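Trainee: Would you mind keeping the following structure in view while I ask a few things?
Number of protein chains: 2
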Amino acid sequence: MVTIKQVAEVAGVSFKTVSRVVNKEPGVKPQNIEKVEQAIKQLGYRPNRAASLVRKKQTGIIGFISDEISTTPASVAILKGAQDMAWEQGKTLMVFNLDPKKPNKDKLYEECLQHRAEGIIYGAMYHQAVTFSNIFKSLPTVLVNCISTSNDFLSIVPDDEQAGYYVTKQLLSKGYRRIAFLNLNPDIIAAQQRQKGFLKALDEFGLAKSDYHIATIEKVVNNKTINITRDVAADVLTSFKPDAVLCGKDLAAINLYFEIERLGLTVGKDIGVASFDNWHDIPEILDPQLSTMALPYYEMGRLAISKLLSLKTSPPESDQSVYKMACLLCDRQSF
Amino acid sequence: MVTIKQVAEVAGVSFKTVSRVVNKEPGVKPQNIEKVEQAIKQLGYRPNRAASLVRKKQTGIIGFISDEISTTPASVAILKGAQDMAWEQGKTLMVFNLDPKKPNKDKLYEECLQHRAEGIIYGAMYHQAVTFSNIFKSLPTVLVNCISTSNDFLSIVPDDEQAGYYVTKQLLSKGYRRIAFLNLNPDIIAAQQRQKGFLKALDEFGLAKSDYHIATIEKVVNNKTINITRDVAADVLTSFKPDAVLCGKDLAAINLYFEIERLGLTVGKDIGVASFDNWHDIPEILDPQLSTMALPYYEMGRLAISKLLSLKTSPPESDQSVYKMACLLCDRQSF
DNA sequence: ACCAAAATAAATAACGTTGTCAAATTATCA
DNA sequence: TGATAATTTGACAACGTTATTTATTTTGGT
Numbered sequence: 001m002v003t004i005k006q007v008a009e010v011a012g013v014s015f016k017t018v019s020r021v022v023n024k025e026p027g028v029k030p031q032n033i034e035k036v037e038q039a040i041k042q043l044g045y046r047p048n049r050a051a052s053l054v055r056k057k058q059t060g061i062i063g064f065i066s067d068e069i070s071t072t073p074a075s076v077a078i079l080k081g082a083q084d085m086a087w088e089q090g091k092t093l094m095v096f097n098l099d100p101k102k103p104n105k106d107k108l109y110e111e112c113l114q115h116r117a118e119g120i121i122y123g124a125m126y127h128q129a130v131t132f133s134n135i136f137k138s139l140p141t142v143l144v145n146c147i148s149t150s151n152d153f154l155s156i157v158p159d160d161e162q163a164g165y166y167v168t169k170q171l172l173s174k175g176y177r178r179i180a181f182l183n184l185n186p187d188i189i190a191a192q193q194r195q196k197g198f199l200k201a202l203d204e205f206g207l208a209k210s211d212y213h214i215a216t217i218e219k220v221v222n223n224k225t226i227n228i229t230r231d232v233a234a235d236v237l238t239s240f241k242p243d244a245v246l247c248g249k250d251l252a253a254i255n256l257y258f259e260i261e262r263l264g265l266t267v268g269k270d271i272g273v274a275s276f277d278n279w280h281d282i283p284e285i286l287d288p289q290l291s292t293m294a295l296p297y298y299e300m301g302r303l304a305i306s307k308l309l310s311l312k313t314s315p316p317e318s319d320q321s322v323y324k325m326a327c328l329l330c331d332r333q334s335f
Numbered sequence: 001m002v003t004i005k006q007v008a009e010v011a012g013v014s015f016k017t018v019s020r021v022v023n024k025e026p027g028v029k030p031q032n033i034e035k036v037e038q039a040i041k042q043l044g045y046r047p048n049r050a051a052s053l054v055r056k057k058q059t060g061i062i063g064f065i066s067d068e069i070s071t072t073p074a075s076v077a078i079l080k081g082a083q084d085m086a087w088e089q090g091k092t093l094m095v096f097n098l099d100p101k102k103p104n105k106d107k108l109y110e111e112c113l114q115h116r117a118e119g120i121i122y123g124a125m126y127h128q129a130v131t132f133s134n135i136f137k138s139l140p141t142v143l144v145n146c147i148s149t150s151n152d153f154l155s156i157v158p159d160d161e162q163a164g165y166y167v168t169k170q171l172l173s174k175g176y177r178r179i180a181f182l183n184l185n186p187d188i189i190a191a192q193q194r195q196k197g198f199l200k201a202l203d204e205f206g207l208a209k210s211d212y213h214i215a216t217i218e219k220v221v222n223n224k225t226i227n228i229t230r231d232v233a234a235d236v237l238t239s240f241k242p243d244a245v246l247c248g249k250d251l252a253a254i255n256l257y258f259e260i261e262r263l264g265l266t267v268g269k270d271i272g273v274a275s276f277d278n279w280h281d282i283p284e285i286l287d288p289q290l291s292t293m294a295l296p297y298y299e300m301g302r303l304a305i306s307k308l309l310s311l312k313t314s315p316p317e318s319d320q321s322v323y324k325m326a327c328l329l330c331d332r333q334s335f
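If you read the protein sequences in the order shown, they are chains Y and L. If you read the first sequence in my numbering, its first letter stands for residue 1, the second for the next number, and so on. If you read the second sequence in my numbering, its first letter stands for residue 1, the second for the next number, and so on.
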C-alpha cells in the first residue's frame, strides 16, 4: 500500500504538505496542490483511515445495532434512513445484527466501543420496550422503534396513537359508521396505542359501543405468533357486518380481501378497508390498491442519526424523551 | 479513553505484556494474566481497533456494497448470510448502500479502500448483469446475485434454470399436464433461465406445445416495471384453462389466487399453483399456503464471504467462474 | 533594496497499538 | 550448586497518519 510519504517523495514536498492537500487544509500553494494531486493519482494513493483515526479524536463511525431489524422488510427502511443521513453528515455506519439464537446486545456494543464509535443507534423490529444493561451508557445512544424499560434513552418511535386516530377519522369523515378494528396482538405497544387513537376518534364522532367492534388477529402459542385473520375476518364480517374494516397490518389485509371477496362484496365499494404499514409492494399489488398508514421508518432512521449527532454537542438534558413520529396515510382506493 | 499503557501501570507490568494478554498470545505467567485482566476490568479498558489496524496488516474488514439490495426484503437475506459468516470468521462487515438517485459504485469502493477492507462483496437486487469499472480490480471481489458484463469476477447467483426445471418436474410428477407459466419480464436473467428449465422439464415428459402456455406478468413503461398479473391471469385461466400455474413471484401469486377464486376454483384442489421467491411471510399468509421455490439468498451471502476469504489465500485461477446455487422447493399446500 | 510581517513548508512529536529482539527470570539437569 | 536451556518480560522501533512547533520563503511597504 502506498503511503503519504511516498506521495511526498514523488511530489517533491514534505509529507505534511501532502496531508494538508488530502485534508483540504488551507495554506498550500496552488502549484504544490497540483503537484501533490498529480502524485496521488499517479501512485493511486488512498489515505489509511485507521491511521488517521488513531491520531484524530473523531472516528466518524456510528454503530448501528439491530434486533434482527435488518432482516425484516418493514423496517429495513430504518437502516436505510440512518445510512443516508449518516452519509450526508460525513459519518460511516457500522451495522451489526443481533443473532436471534442468542441475542447479546452487549457483545455488539463492545465491538462498537472498540471501533471507537461516536454513538450508537439501536433499532428494534417492532415497537416494543427493551431492557439495556449499563454498558449502553458508555456512548450517546438513540433507540429507534423501541423504548427503554428504564426510560433512560432518547428514543424515536412511530406515533401509533396518532396513526390509529388519524385513519379512523378519515374513515369516519368519509361516512363510514360501523367500523371493525382487526388489531394486532394486544400485548404489543403499537396495538395498544392504535386502539387508543381508534377509540378517541370514534368518541369525537359520538359513536356508540355498538357501532364498532374490536378483534385480535394474532394468537400466541408457545411464544410464536400465529395469524388468524382469515377466521376472525370471516366471523366479524358476517356477525358484526361492518361498513369498514381497519386492519392491523397490510399482510393481514390480504386475508381480509379474500374474505370480503368470498362474501361477494367489493372492497372500496361495498366495504371500506384501511390498514397499517405500507408494507413494500403489498398495498399496490392488491386490487383495489390498499389505503394504509405508512410507518415512517425511513424518516425515523434519519432522525435517529441527527438526534444522535446533536446529543453529542448539547448536554443530554432532554434524555429519556420519546419522539413520536407522525404516520402518513397512503391514500389509495380501498376506502 | 484508557490506553494499554495505563492498564500496564495499574497492573504493574510493561504495556507489551498487556498487549499479549489482550491478544491471548502465549507466554505470560498466569499470575500476570490475572493482574492484567483485573486492571482491564477496573479501568474499563477497550483495545483501540484503529490503532491495532495501523500496525497489523489484516484489518478484518470486508466491504459490502449493495445496489439498493438491503432495502429489498427478498434479498436482505444475502446481507444477513454474509454478516453471519463474516462474524463466524472473525471479520467485520462494513455495509454501504448505493444511492438509487445517483448510484456511484466507485465512490463506495473508494470508501472501502480507505478503510483497508480486505475484500468486497457486491450484492444486487435481482439477478442481473452489471458493469464494473477497473477500480473494482483493486481488491478481491465477489459478486452476489449478479454477474459482471465483462465476466471477470467470481459471482454467486441462484440457479434459476434448475429452479424452473425442478418445480416444473414436481408439477408434472404430481400429474399436472396443462401448465401455464406466468413469467417475469423476459429481459431479466432469472426469467430467461427459469423458462429454459421449464421447457426442459416439459420436454422430458414429452409435453406438446399445446400443453403449456407462457405469458409475461410485467410490462415496462418508461423504465418502470408494472405488474399486470391480474389481467394476464384472468385471460390465461379462461382461455388456456391450465390445470396448474407456475407464477414468476410470490407477490404476483396473490393476484393469481384472487383470479382463481373469482372463477370459483380452489387453489390446490381444482388447480395447482407454484411460484418463485419464498418471499417472507407471503407464502404462509395465503390460503392454501403457497408452495414456492425459495431463492437461496441467505446461503448465497454466506458462500460469498467464504469464497472471498479463500480467494485471498488461493490464487484467483478460478476467477470469472459463476457459482449457481440450487433453489429448494418450499412444499406447502398449493399443488 | 531592506525589513517586518505574512504565508507557506518542513521537522518532529504524538496517537495506541503490534513486532522484534535482547534482557531477565525461572526451570532443568548433571 | 552451577551451567544451560526454556520461559517470560520489557525496551524500543514501527505502522501511517495528524498536531504542533520551527524554519523558510514570499509579500508589502518604505
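Beta carbons are placed, not taken as given, at the ideal position from N, Cα and C, and that holds for glycine. Computed from a predicted model, the values in this text were never measured in an experiment.
Under three-state DSSP, which class holds A244/Y?
Mentor: Indexing the first sequence from 1 puts residue 244/Y at position 244. In the structure shown, A244/Y sits in a strand (DSSP, three-state: E or B).
Trainee: For V236/L, does the three-state DSSP call read helix, strand or coil?
Mentor: Numbered from 1 along the second sequence, position 236 holds the residue referred to as residue 236/L. V236/L carries a helical assignment under DSSP once its states are collapsed to helix, strand and coil.
Trainee: Show which residues of chain L have a CB atom less than 7 Å away from the CB atom of L376/Y.
Mentor: In the structure as shown, chain Y starts at 1 and stops at 335, and residue 376/Y therefore has no counterpart that could be examined.
Trainee: On a Cα-Cα basis, can you pick out the residue from I62/L, A252/L, V7/L and M85/L that is closest to E299/L?
Mentor: Here residue 299/L corresponds to residue number 299 of the second sequence, with the count starting at 1. Nearest C-alpha to E299/L: M85/L.
Trainee: Considering only the alpha carbon of each residue, which of G90/L, M94/L and A252/L lies closest to K91/Y?
Mentor: On the first sequence, residue 91/Y is found 91 positions in, with the first residue counted as 1. Of the listed residues, the one whose Cα sits closest to K91/Y is M94/L.
Trainee: Report the residues of the stretch 255 to 277 of chain Y with a CB closer than 8 Å to any CB of chain L, ordered along the chain.
Mentor: N255, Y257, F258, E261 and R262
Trainee: Going by other Cβ atoms of all chains shown within 10 Å of its Cβ, with 16 needed for buried, is M325/L buried or exposed?
Mentor: Sequence index remark: in the second sequence, residue 325/L carries index 325 (1-based). Result: buried.
Trainee: Chain Y partners of L53/L, CB-CB under 7 Å?
Mentor: If you number the second sequence from 1, residue 53/L lands on position 53. Here the neighbours are A50.
Trainee: Tell me the DSSP bridge mates of E218/L?
Mentor: Along the second sequence, read from residue 1 onward, the residue named residue 218/L stands at position 218. DSSP lists N227/L as partners of E218/L.
Trainee: If you measure between the beta carbons of E161/Y and Q193/Y, is that distance less than 7 Å?
Mentor: The residue given as residue 161/Y occupies position 161 in the first sequence. The residue given as residue 193/Y occupies position 193 in the first sequence. Yes, they are a contact pair.
Trainee: For Y45/L, which residues in the same chain have their Cβ closer than 6 Å to its Cβ, ignoring the five residues on either side in sequence?
Mentor: Counting from one through the second sequence, the residue named residue 45/L turns up at place 45. So the list reads V2 and V7, once near-sequence residues are dropped.
Trainee: Counting only the same chain and skipping the five closest in sequence on each side, list residues whose C-beta sits under 7 Å from that of V322/L.
Mentor: For the purposes of this step, residue 322/L is taken as the residue at position 322 of the second sequence. The residues are I147, S155 and V157.
Trainee: Quick one: is L202/Y buried, meaning 16 or more other Cβ sit within 10 Å of its Cβ, or exposed?
Mentor: By 1-based counting over the first sequence, the position of residue 202/Y is 202. With 16 or more other Cβ atoms within 10 Å, it is buried.
Trainee: Touching or not, the stretch 174 to 185 of chain L and the stretch 232 to 245 of chain L, by the rule of three or more beta carbon pairs under 8 Å?
Mentor: Judged by Cβ distances under 8 Å, the stretch 174 to 185 of chain L makes contact with the stretch 232 to 245 of chain L, as three or more pairs qualify.
Trainee: Could you check if L308/Y is buried or exposed, using at least 16 other CB atoms within 10 Å of its CB as the buried criterion?
Mentor: Position 308 of the first sequence, counted from the first residue, corresponds to residue 308/Y. Its Cβ being crowded by 16 or more others within 10 Å, L308/Y is buried.
Trainee: If we ignore side chains and look at the alpha-carbon of each, how far apart do A190/L and F153/L end up?
Mentor: Here the question's residue 190/L lines up with position 190 in the second sequence. Here the question's residue 153/L lines up with position 153 in the second sequence. Cα-Cα distance, rounded: 19 Å.
Trainee: Return the residue from the list Y212/L, H213/L and N227/L that minimises the CA-CA distance to K219/L.
Mentor: On the second sequence, position 219 is the one that residue 219/L refers to. Out of Y212/L, H213/L and N227/L, N227/L has the C-alpha closest to the C-alpha of K219/L.
Trainee: With 7 Å as the threshold, decide whether the Cβ of L172/L is near any Cβ in chain Y.
Mentor: By 1-based counting over the second sequence, the position of residue 172/L is 172. Closer than 7 Å: no.
Trainee: Flag this pair as touching only if the stretch 286 to 306 of chain Y and the stretch 246 to 265 of chain Y have three or more C-beta atom pairs under 8 Å; answer yes or no.
Mentor: yes
Trainee: Rank I135/L, L263/L and F335/L by C-alpha distance to the C-alpha of G272/L and give the top, closest one.
Mentor: For this step, residue 272/L is matched to residue 272 along the second sequence. The shortest C-alpha separation from G272/L is found at F335/L.
Trainee: So V22/Y and A11/Y are in contact, right, with Cβ under 8 Å, and what is the actual spacing, rounded?
Mentor: Translated into the one-based positions of the first sequence, residue 22/Y becomes position 22. Translated into the one-based positions of the first sequence, residue 11/Y becomes position 11. Contact doesn't hold; Cβ gap of about 11 Å is too wide.
Trainee: For L251/Y, would you say it is in contact with chain L, using Cβ-to-Cβ distances shorter than 7 Å as the test?
Mentor: Position 251 of the first sequence, counting from 1, holds the residue named residue 251/Y. Judged by the 7 Å Cβ criterion, L251/Y is in contact with chain L.
Trainee: Got a sec? Which residues, its chain only, sit under 6 Å from D67/L by beta carbon, not counting five neighbours each side?
Mentor: The residue you call residue 67/L lines up with position 67 of the second sequence. Hits under 6 Å: L98, A124 and M125.
Trainee: Would the stretch 58 to 65 of chain Y count as touching the stretch 25 to 35 of chain Y if we require 3 or more Cβ pairs under 8 Å?
Mentor: no
Trainee: Using a cut-off of 7 Å between C-beta atoms, extract the partners of A281/Y located in chain L.
Mentor: Along the first sequence, read from residue 1 onward, the residue named residue 281/Y stands at position 281. First, the residue type needs correcting, since residue 281/Y is Asp and not Ala in the sequence shown. Here the neighbours are L251.
Trainee: On a CA-only basis, which of A51/Y, P242/Y, P47/Y and F276/Y is nearest L251/Y? Give me that one, please.
Mentor: For the purposes of this step, residue 251/Y is identified with residue 251 of the first sequence, where counting begins at 1. L251/Y has its Cα closest to that of F276/Y, out of A51/Y, P242/Y, P47/Y and F276/Y.
Trainee: Counting only runs that start and end within the stretch 133 to 162 of chain Y, where is the beta strand (DSSP E) found for 3 or more residues in a row?
Mentor: 141 to 148 and 154 to 158
Trainee: When you compare the CB of R230/L with every CB in chain Y, is at least one pair closer than 7 Å?
Mentor: Locating residue 230/L in the second sequence gives position 230, counting from the first residue. Taking Cβ atoms only, chain Y reaches closer than 7 Å to R230/L, which makes this a yes.
Trainee: Answer with yes or no whether the minimum CB distance from D287/L to chain Y is below 7 Å.
Mentor: What you label residue 287/L is simply residue 287 of the second sequence in a count that begins at 1. Yes - at least one Cβ of chain Y is within 7 Å of the one on D287/L.
Trainee: Check distances from the C-beta atoms of the stretch 12 to 27 of chain L to those of chain Y and list, in chain order, the residues that come in under 9 Å.
Mentor: none
Trainee: Considering only the alpha carbon of each residue, which of P47/Y, K56/Y, Q42/Y and L43/Y lies closest to N48/L?
Mentor: As a position in the second sequence, residue 48/L is number 48, starting the count at 1. When each option's Cα is compared against that of N48/L, the closest is K56/Y.
Trainee: If contacts are defined as beta-carbon pairs under 8 Å, then D243/Y and Y176/Y qualify, I think. What distance do you get, rounded to the angstrom?
Mentor: Your numbering for residue 243/Y matches position 243 in the first sequence. Your numbering for residue 176/Y matches position 176 in the first sequence. Rounded, the Cβ-Cβ distance is 5 Å, consistent with contact.
Trainee: Does the Cβ of Q83/L have 16 or more other Cβ atoms within 10 Å, making it buried, or fewer, making it exposed?
Mentor: Translated into the one-based positions of the second sequence, residue 83/L becomes position 83. By the neighbour-count rule (16 or more Cβ atoms within 10 Å), Q83/L is buried.
Trainee: What do you reckon, are the CB atoms on A304/Y and V54/L nearer than 7 Å?
Mentor: Position 304 of the first sequence, counted from the start, is the residue given in the question as residue 304/Y. Position 54 of the second sequence, counted from the start, is the residue given in the question as residue 54/L. No, Cβ-Cβ distance for A304/Y and V54/L is not below 7 Å.
Trainee: Examine chain Y for any beta-carbon lying closer than 7 Å to the beta-carbon of Q333/L, and answer yes or no.
Mentor: On the second sequence, position 333 is the one that residue 333/L refers to. No, its Cβ sits nowhere closer than 7 Å to a Cβ of chain Y.
Trainee: Under the assumption that Y297/L contacts I78/L (Cβ atoms under 8 Å), give the Cβ distance between them as a whole number of angstroms.
Mentor: Counting from 1 along the second sequence, the entry for residue 297/L is found at position 297. Counting from 1 along the second sequence, the entry for residue 78/L is found at position 78. Their Cβ separation, rounded to whole angstroms, is 5 Å, which keeps Y297/L and I78/L in contact under 8 Å.
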